[in-house]
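Residue numbers (the working numbering): 1 to 279. Glycine included, each C-beta is placed from N, C-alpha and C at the ideal position. This one's a predicted model, so the numbers in the text were calculated from it and none came from an experiment. Here's the structure, in structure tokens; my notes come after.
As structure tokens, this is what we get:
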């Protein structure tokens, strides 16, 4: 009786081995070769991204993402080869992905924004940008957020979703910028004399560009205000000199106006008092 039971178990084991053995061996081969191929694909993708000068953070993320997705697909394929039902597993993964997506809706928007920023490069580390009511130097671009450092040394963290969907001013994307400043003079001053004084300040300022016809300094009469005439100055400068020239012109113009007896008026109001009979 025992011999019959042992023989029966042995025969069943042989049948199972003959039935599933080749599948297991093939599945193991597919797993090993597939794992190796995924590694090769990830390396090739990383080299290609480095060749086209992708951001390091974006390259690392995309390579990891591709590798994880391919490995999940490989494991599902191997499980299917050895007879494991994968339909319910795939449905469960889909449901879990949907639930996670709904829960992390804002984070996914920031993630997508980070990928777009790193890929299309509307700005880069080192640029000065103005966005979401803040202005500062970009010190770090992460997958979910961008970090700015303001001129008064405050660190501002802005979600990438807002940056990718909103307006962004890249202050120093171009090599040159134009400084626009309006100076007020009194109605009693000679406009031609004021223009000569302002042009003298601009021509003597070494940081103001003067070698290109289209970017030479210009002075315009910009408005007739309530108590002053507006004199608008346009001065082209190298982008890195924008703020030094912006603040420097205020000082130089004040000194030049004082030397030339040009008045900078303050706001004035005329008050008329009417007295009525019997009041």
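(request) Determine the direct distance from the alpha carbon of residue 181 to that of residue 200, and round the result to whole angstroms. (result) Numbered from its first residue, the chain shown carries residue 200 at position 200. Numbered from its first residue, the chain shown carries residue 181 at position 181. C-alpha separation (whole angstroms): 16 Å.
(request) Report back the beta-carbon spacing between residue 131 and residue 166 to the nearest angstrom; my notes put them in contact at under 8 Å. (result) Start at 1 with the first residue of the chain shown, and residue 131 comes out as number 131. Start at 1 with the first residue of the chain shown, and residue 166 comes out as number 166. Taking the Cβ atoms as the reference, residue 131 lies roughly 6 Å from residue 166, within the contact range of under 8 Å.
(message) Could you tell me the alpha carbon to alpha carbon distance between residue 249 and residue 240, rounded to whole angstroms?
(response) Reading the chain shown from its first residue, position 249 is the one you call residue 249. Reading the chain shown from its first residue, position 240 is the one you call residue 240. The alpha-carbon atoms of residue 249 and residue 240 are separated by roughly 16 Å.
(request) In the DSSP assignment, find the beta strand (DSSP E) that holds residue 131 and state where it starts and stops. (result) Numbered from its first residue, the chain shown carries residue 131 at position 131. Here the beta strand (DSSP E) through residue 131 covers 128-131.
(request) Would you list the residues sitting across from residue 234 in a DSSP beta bridge? (result) Numbered from its first residue, the chain shown carries residue 234 at position 234. Note: residue 234 sits in a beta bridge opposite 180, 218.
(request) Determine the extent of the beta strand (DSSP E) in which residue 124 is found, giving its start and end residues. (result) Here residue 124 refers to the residue found at position 124 when the chain shown is read from its first residue. Boundaries cannot be given for residue 124, as no beta strand (DSSP E) includes it and DSSP labels it neither H nor E.
(message) Helix, strand or coil for residue 23? Go by DSSP, reduced to three states.
(response) Locating residue 23 in the chain shown gives position 23, counting from the first residue. Correct three-state label for residue 23: helix.
(request) Would you mind sorting residue 33 into buried or exposed? The rule is 16 or more other CB atoms within 10 Å of its CB. (result) Position 33 of the chain shown, counted from the first residue, corresponds to residue 33. Looking at its Cβ environment, which holds fewer than 16 other Cβ atoms inside 10 Å, residue 33 is exposed.
(request) Measure the C-alpha to C-alpha separation of residue 153 and residue 137 and round it to an integer number of angstroms. (result) As a first step, residue 153 must be located in the chain shown, where it is residue number 153. As a first step, residue 137 must be located in the chain shown, where it is residue number 137. Distance between residue 153 and residue 137, taken at the CA atoms: about 10 Å.
(message) Closest to residue 283 by C-alpha separation, out of 141, 223, 258, would be which residue?
(response) The structure shown does not extend to residue 283, since the chain spans only 1 to 279, so no value can be given for it.
(message) Quick check: what's the CA-CA separation for residue 208 versus residue 128?
(response) The residue you call residue 208 lines up with position 208 of the chain shown. The residue you call residue 128 lines up with position 128 of the chain shown. Straight-line Cα distance between these residues: approximately 21 Å.
(message) Can you tell me where the beta strand (DSSP E) holding residue 157 begins and where it ends?
(response) Counted from its first residue, the chain shown places residue 157 at position 157. Residue 157 -> beta strand (DSSP E) spans 155-159.
(message) For a test of the three-state rule: what should DSSP assign to residue 113, helix, strand or coil?
(response) Position 113 of the chain shown, counted from the first residue, corresponds to residue 113. DSSP places residue 113 in the helix class (H, G or I) of the three-state scheme.
(request) For residue 134, name the three-state secondary structure that DSSP assigns. (result) Stepping through the chain shown from its first residue, residue 134 is reached at position 134. Per DSSP, reduced to three states, the secondary structure at residue 134 is strand.
(request) Sort out for me which residues DSSP pairs residue 185 with in a bridge. (result) Taking the chain shown and counting its residues from 1, the one referred to as residue 185 is at position 185. Checking the DSSP bridge columns, you'll see residue 185 partnered with 229.
(message) Quick check on the burial criterion: 16 or more other C-beta atoms within 10 angstroms. Buried or exposed for residue 64?
(response) Counting from 1 along the chain shown, the entry for residue 64 is found at position 64. With fewer than 16 Cβ atoms within 10 Å of its Cβ, residue 64 is classed as exposed.
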